[in-house]
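Undergrad: Protein chains in written order, with my numbering: chain A, 5 to 349; chain B, 5 to 349.
Structure below; questions to follow.
Protein chains: 2
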Amino acid sequence: MDINELARRGGVSVATVSRALNGRPEVSPATRDRIRALADELGYAPNASARALASRRSGLVGLLWDTDYRSGGRQHPFLQEVLVGLKEAVNEHGQGLILLPIAPDDDPDGYVRLARQYTLDGVVLMGVDECTPSVAGLLSGALPCVALDLAVGGPRSASVSSDNVGGARAAVRHLVAQGHRRIATVTGPTDLKPAAERYAGFRRELARHHLPCPDSYVVAGDFYADSGAAAMRRLLALPEPPTAVFVAGDAMAIAAVQAAQQDGWSVPGDVAVVGFDDIDAAGLLRPGLTTVAQDYHRFGTTAVGLLAELAAAPPDRASRTVVLPTALVVRASSVRTPLEEEATP
Amino acid sequence: MDINELARRGGVSVATVSRALNGRPEVSPATRDRIRALADELGYAPNASARALASRRSGLVGLLWDTDYRSGGRQHPFLQEVLVGLKEAVNEHGQGLILLPIAPDDDPDGYVRLARQYTLDGVVLMGVDECTPSVAGLLSGALPCVALDLAVGGPRSASVSSDNVGGARAAVRHLVAQGHRRIATVTGPTDLKPAAERYAGFRRELARHHLPCPDSYVVAGDFYADSGAAAMRRLLALPEPPTAVFVAGDAMAIAAVQAAQQDGWSVPGDVAVVGFDDIDAAGLLRPGLTTVAQDYHRFGTTAVGLLAELAAAPPDRASRTVVLPTALVVRASSVRTPLEEEATP
DNA sequence: CTGTTAGCGCTTTCAC
DNA sequence: GTGAAAGCGCTAACAG
Chain A
5 MDINELARRG GVSVATVSRA LNGRPEVSPA TRDRIRALAD ELGYAPNASA
55 RALASRRSGL VGLLWDTDYR SGGRQHPFLQ EVLVGLKEAV NEHGQGLILL
105 PIAPDDDPDG YVRLARQYTL DGVVLMGVDE CTPSVAGLLS GALPCVALDL
155 AVGGPRSASV SSDNVGGARA AVRHLVAQGH RRIATVTGPT DLKPAAERYA
205 GFRRELARHH LPCPDSYVVA GDFYADSGAA AMRRLLALPE PPTAVFVAGD
255 AMAIAAVQAA QQDGWSVPGD VAVVGFDDID AAGLLRPGLT TVAQDYHRFG
305 TTAVGLLAEL AAAPPDRASR TVVLPTALVV RASSVRTPLE EEATP
Chain B
5 MDINELARRG GVSVATVSRA LNGRPEVSPA TRDRIRALAD ELGYAPNASA
55 RALASRRSGL VGLLWDTDYR SGGRQHPFLQ EVLVGLKEAV NEHGQGLILL
105 PIAPDDDPDG YVRLARQYTL DGVVLMGVDE CTPSVAGLLS GALPCVALDL
155 AVGGPRSASV SSDNVGGARA AVRHLVAQGH RRIATVTGPT DLKPAAERYA
205 GFRRELARHH LPCPDSYVVA GDFYADSGAA AMRRLLALPE PPTAVFVAGD
255 AMAIAAVQAA QQDGWSVPGD VAVVGFDDID AAGLLRPGLT TVAQDYHRFG
305 TTAVGLLAEL AAAPPDRASR TVVLPTALVV RASSVRTPLE EEATP
């Protein structure tokens, strides 16, 4: 069942069939509908390869996701939701999503070649280092690229990230509203953009409330659990320990809560904790972890929208960044009496 | 830079280039190497669409993953690792991985059409219901299909799953070794294969030790956290509560541990708990959750191997199932004195 | 509005 | 061992 067969049975030419199926304006509504009806009555599906070959567009979006990047996979607790959003959006656009293999780091056009090979419409990047020659090579080309949680520059690129600053500020604001004045933070590796921004938001909100932030109240972590536990212990060992801690990632935050509890402190009684990310475990713990949630699903849909935008726009536009709102999820780790929550807003 | 250009520069015909690049035996080793060297010197990448169109094989494996299936995504905590394994294996085979859109449930050849459209080499199914007409239609066709964690039958299908029975038995054996005699279980929905098998393994191992299993010691859950908490409360309210519980999924197990603690019981002091899956949170909790780990990465690699096997085999072979070993990860939730672990094996 | 036709870039007989 | 040539199934000029 190919386009010729369809044309024959429909009593029209293949050109007309093609036009009807692609919704071209030149075809009359009557024949368009007739052909379309016939097509799905016969279960016709256009061959994607033939279509791509002839039109020089595959309708495929490549996902560049470096699974080797740091400790191999578990560091993107949200990948799954991003992927779902991406997939749904891509399909809604009538496109397909293909997972790209990893190109050698040092080959500046490993990915460019892959993109050409599949005639990709665009590429979505996540969990990659934009400075790697292979990635930089891709970004500097004319192919639409959208990076997640990563600021990139390039003739046809954009990025989407969460409002890390705003999320951190909301966390601090919440802690201040709970009556805390001695608020510390455990940061992520501040060479990573999200970590740097969360830290900046933390400082800014603290300043807005004229609260001090001694150096000893800032402990660097690495987003992994162990560093969170260690950081919390260091904070609680201070002569004047904080009464609240904003931890820049949930894995660290959870470990921090448990380290505190293990050392005999009560959470939130002695020390309140707020995390960032809203990973699954945050809701499974007791006390539940108050945390800043990101809209992972929207990452995907936004990325696909940007890709389409980039494809249409002139090639040399300034790189755009879309910032997605975050939401504070209040659980027990930061609220003395959960029930008071609603009573005293 | 296409095959013609390459042929011209190499002073040979396109046919020879094609043969050289595809490692065909007819071409002389000398020209083969020469052409290949030239190809990657010039950064030539064969156009995937043209290749697929001419050869009727795309080198693409489709991933059928129903993101709508029950509560939308979070129920596959291990998807990410499976995906990484899948991707790596697929790429090693020189293939690509494409995420298939969801076809309407009631269309028996929605997926068949998709597969034809992309000229797929095969399809990997995960998190889908094999009874859905659309999925059943795909399975009954001649396209190689491999299902994960799902027993499927079809002229060219196979499945891969974890040794759920063995894992459950290992869990029970461990509890018995810890001195427990009153061992209960919280099951998953036993209409799902993994849940049924874990339950079967539980019973079998209990029987092997001549331990009783009263009906009240078997509580049905649904793999979600809430059901785990409820089940645990029911067990602990029994006149003679169990001293150990095997919970068929980590999300339930974690909630069970916390419910017990919240009600004033000590884990593992009063009741030991062993879960299944080894999700991230299992290691983040205190006490850490003893659990049965699956080799998710290997799911992917095994699936790809099976796909290749199916493509080569005669179309009507009996459907094969590969069972992957599981591993018990002992943490604090099942061991009275963690340090004794090594001392008293 | 519709049909004819020339490719898209590759693989694959079939000759040599 | 190599080359010539005929498609693979579709899109996109170009005519009409």
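Where a beta carbon is used, it is the ideal one built from N, C-alpha and C, also for glycine.
The structure presented is a predicted model; accordingly, all values stated were derived computationally and were not measured.
Mind checking whether residue 252/B and residue 190/B have CB atoms under 8 Å apart?
TA: Within the second sequence, numbered from 1, the residue matching residue 252/B stands at position 248. Within the second sequence, numbered from 1, the residue matching residue 190/B stands at position 186. Cβ atoms of residue 252/B and residue 190/B: closer than 8 Å.
Undergrad: Return yes when the Cβ of residue 118/A is within less than 8 Å of the Cβ of residue 107/A, no when it is not.
TA: Indexing the first sequence from 1 puts residue 107/A at position 103. Indexing the first sequence from 1 puts residue 118/A at position 114. Cβ distance < 8 Å, so residue 107/A and residue 118/A count as in contact.
Undergrad: Assign residue 151/A to one of three DSSP states: helix, strand, or coil.
TA: As a working note, residue 151/A is residue 147 in the first sequence. It is a strand residue.
Undergrad: Within the 8 Å Cβ cut-off, does residue 235/B reach chain A?
TA: Counted from its first residue, the second sequence places residue 235/B at position 231. With 8 Å as the cut-off, residue 235/B does not count as an interface residue toward chain A.
Undergrad: Closer than 8 Å, CB to CB, is residue 75/B near chain A or not?
TA: Your numbering for residue 75/B matches position 71 in the second sequence. Interpretation of residue 75/B is limited by its pLDDT of 41, a score under 50 that renders its predicted location unreliable; no figure is taken from the coordinates.
Undergrad: Under the three-state reduction of DSSP, which class applies to residue 353/B: helix, strand or coil?
TA: Nothing in the structure corresponds to residue 353/B, since chain B is present only between 5 and 349.
Undergrad: Which ranges would you report for the alpha helix (DSSP H) in the region 26-98 of chain A if only whole runs of at least 4 residues count?
TA: Counting whole runs of 4 or more residues, the region 26-98 of chain A contains the alpha helix (DSSP H) stretches 33-45, 52-59, 83-96.
Undergrad: If you check the beta carbons only, do residue 154/B and residue 304/B fall under 8 Å apart?
TA: The residue given as residue 154/B occupies position 150 in the second sequence. The residue given as residue 304/B occupies position 300 in the second sequence. No. Outside cutoff.
Undergrad: For residue 144/A, collect the residues of the same chain with a Cβ closer than 6 Å to its Cβ; drop the 5 residues on either side in sequence, then sort them by chain order.
TA: For the purposes of this step, residue 144/A is identified with residue 140 of the first sequence, where counting begins at 1. Contacts found: 158.
Undergrad: Measure from the C-beta of residue 105/B to each C-beta in chain A and report whether the shortest distance is under 8 Å.
TA: Start at 1 with the first residue of the second sequence, and residue 105/B comes out as number 101. Taking Cβ atoms only, chain A reaches closer than 8 Å to residue 105/B, which makes this a yes.
Undergrad: Tell me, please, whether the CB atom of residue 136/B is closer than 8 Å to any CB atom in chain A?
TA: Working through the second sequence from its first residue, we reach residue 136/B at position 132. No - not a single Cβ of chain A is within 8 Å of the one on residue 136/B.
Undergrad: Specify the secondary structure class of residue 236/B as computed by DSSP and reduced to three states.
TA: Mapped onto the second sequence, residue 236/B falls at position 232. Helix, per DSSP.
Undergrad: Along the chain, where does the alpha helix (DSSP H) containing residue 324/B start, and where does it finish?
TA: Position 320 of the second sequence holds residue 324/B. For residue 324/B, no alpha helix (DSSP H) run applies; the uninterrupted beta strand (DSSP E) run containing it begins and ends at 324-328, by DSSP.
Undergrad: Our contact map puts residue 278/A next to residue 271/A with C-beta atoms below 8 Å; I'd like the distance itself, whole angstroms only.
TA: As a working mapping, residue 278/A is identified with position 274 in the first sequence. As a working mapping, residue 271/A is identified with position 267 in the first sequence. Between residue 271/A and residue 278/A the Cβ distance is about 11 Å, and since that is not below 8 Å, they are no contact.
Undergrad: Determine, using beta-carbon pairs with one atom in the region 87-102 of chain B and one in the region 64-71 of chain B, whether at least three such pairs fall under 8 Å.
TA: yes
Undergrad: My output table needs one value for residue 101/B: the three-state DSSP class, helix, strand or coil.
TA: Reading the second sequence from its first residue, position 97 is the one you call residue 101/B. Residue 101/B falls in the strand class under three-state DSSP.
Undergrad: Any idea if residue 149/B is buried or exposed, counting beta-carbon neighbours within 10 angstroms, 16 or more meaning buried?
TA: Taking the second sequence and counting its residues from 1, one reaches residue 149/B at position 145. It is buried - the Cβ of residue 149/B has at least 16 other Cβ atoms within 10 Å.
Undergrad: For residue 344/B, does the three-state DSSP call read helix, strand or coil?
TA: Position 340 of the second sequence, counting from 1, holds the residue named residue 344/B. Any reading at residue 344/B needs caution, since the residue's pLDDT is 40, under 50, leaving its predicted position unreliable; the model's value is listed next. In the structure shown, residue 344/B sits in a helix (DSSP, three-state: H, G or I).
Undergrad: To the nearest angstrom, report how far apart residue 225/A and residue 193/A are at their CA atoms.
TA: Residue 225/A sits at position 221 when you count from the first residue of the first sequence. Residue 193/A sits at position 189 when you count from the first residue of the first sequence. Roughly 6 Å between the two C-alpha positions.
Undergrad: Residue 76/B: buried (16+ other C-beta within 10 angstroms of its C-beta) or exposed?
TA: Residue 76/B sits at position 72 when you count from the first residue of the second sequence. Low per-residue confidence applies at residue 76/B: pLDDT is 37, beneath 50, and the placement is therefore not dependable enough to give any value.
Undergrad: Residue 62/B touches chain A at which residues, Cβ-Cβ below 7 Å?
TA: Position 58 of the second sequence, counted from the start, is the residue given in the question as residue 62/B. Simply 53.
Undergrad: Does the Cβ of residue 5/A lie closer than 7 Å to at least one heavy atom of the ligand FAD?
TA: By its list of ligands, the structure shown contains no ligand whatsoever, and the ligand FAD lies outside what it can speak to.
Undergrad: My guess is that residue 236/B and residue 211/B are in contact by the Cβ rule of under 8 Å, so how many angstroms apart are they, rounded?
TA: Residue mapping note: residue 236/B aligns to position 232 of the second sequence, counting from 1. Residue mapping note: residue 211/B aligns to position 207 of the second sequence, counting from 1. The pair is not a contact, with the Cβ atoms about 24 Å apart (cut-off 8 Å).
Undergrad: If we cut at 8 Å on Cβ distances, does residue 122/A have a partner in chain B?
TA: Taking the first residue of the first sequence as 1, we reach residue 122/A at position 118. So yes, residue 122/A belongs to the interface.
Undergrad: Can you give the beta carbon distance from residue 285/A to residue 295/A, rounded, assuming they're within the 8 Å contact cut?
TA: To locate residue 285/A, count along the first sequence from 1; it is residue 281. To locate residue 295/A, count along the first sequence from 1; it is residue 291. With a Cβ gap of about 10 Å, residue 285/A and residue 295/A do not count as contacting.
Undergrad: How would you label residue 335/A, buried or exposed, when you count the other beta carbons within 10 angstroms and need 16 or more for buried?
TA: Reading the first sequence from its first residue, position 331 is the one you call residue 335/A. Looking at its Cβ environment, which holds 16 or more other Cβ atoms inside 10 Å, residue 335/A is buried.
Undergrad: Given a cut-off of 8 Å, decide if residue 151/B and residue 179/B are closer than it, judged by their beta-carbon atoms.
TA: Walking along the second sequence from the start, residue 179/B turns up at place 175. Walking along the second sequence from the start, residue 151/B turns up at place 147. Judged by beta-carbon spacing, residue 151/B lies beyond the 8 Å limit of residue 179/B, meaning their Cβ atoms are not closer than that value.
Undergrad: Report the three-state DSSP secondary structure of residue 298/B (helix, strand or coil).
TA: For the purposes of this step, residue 298/B is identified with residue 294 of the second sequence, where counting begins at 1. Reduced to three states, the DSSP call for residue 298/B is coil.
Undergrad: Give the straight-line distance between the Cα atoms of residue 14/A and residue 44/A, rounded to the nearest whole angstrom.
TA: Working through the first sequence from its first residue, we reach residue 14/A at position 10. Working through the first sequence from its first residue, we reach residue 44/A at position 40. Distance between the alpha carbons of residue 14/A and residue 44/A: 12 Å.
Undergrad: Below 8 Å on the Cβ atoms is my guess for residue 282/B versus residue 222/B; work out the distance and round it to an integer in Å.
TA: Indexing the second sequence from 1 puts residue 282/B at position 278. Indexing the second sequence from 1 puts residue 222/B at position 218. Between residue 222/B and residue 282/B the Cβ distance is about 23 Å, and since that is not below 8 Å, they are no contact.
Undergrad: In or out: residue 87/B buried (at least 16 other Cβ within 10 Å) or exposed?
TA: Position 83 of the second sequence holds residue 87/B. Its Cβ being crowded by 16 or more others within 10 Å, residue 87/B is buried.
Undergrad: Starting from the N-terminal side, write out each stretch of the beta strand (DSSP E) that is 3 residues or longer and does not extend beyond the region 112-178 of chain B.
TA: 126-130, 149-152, 161-166
Undergrad: Could you check what DSSP says for residue 309/A in three-state terms: helix, strand or coil?
TA: Here residue 309/A refers to the residue found at position 305 of the first sequence. The answer is helix: DSSP assigns residue 309/A an H, G or I state.
Undergrad: With DSSP as the reference, please indicate the residues paired to residue 189/B in a beta bridge.
TA: Here residue 189/B corresponds to residue number 185 of the second sequence, with the count starting at 1. DSSP, once it has assigned bridges, lists 222/B, 250/B as partnering residue 189/B.
Undergrad: Using DSSP's beta-bridge definition, name the partner residues of residue 333/A.
TA: For this step, residue 333/A is matched to residue 329 along the first sequence. DSSP, once it has assigned bridges, lists 295/A as partnering residue 333/A.
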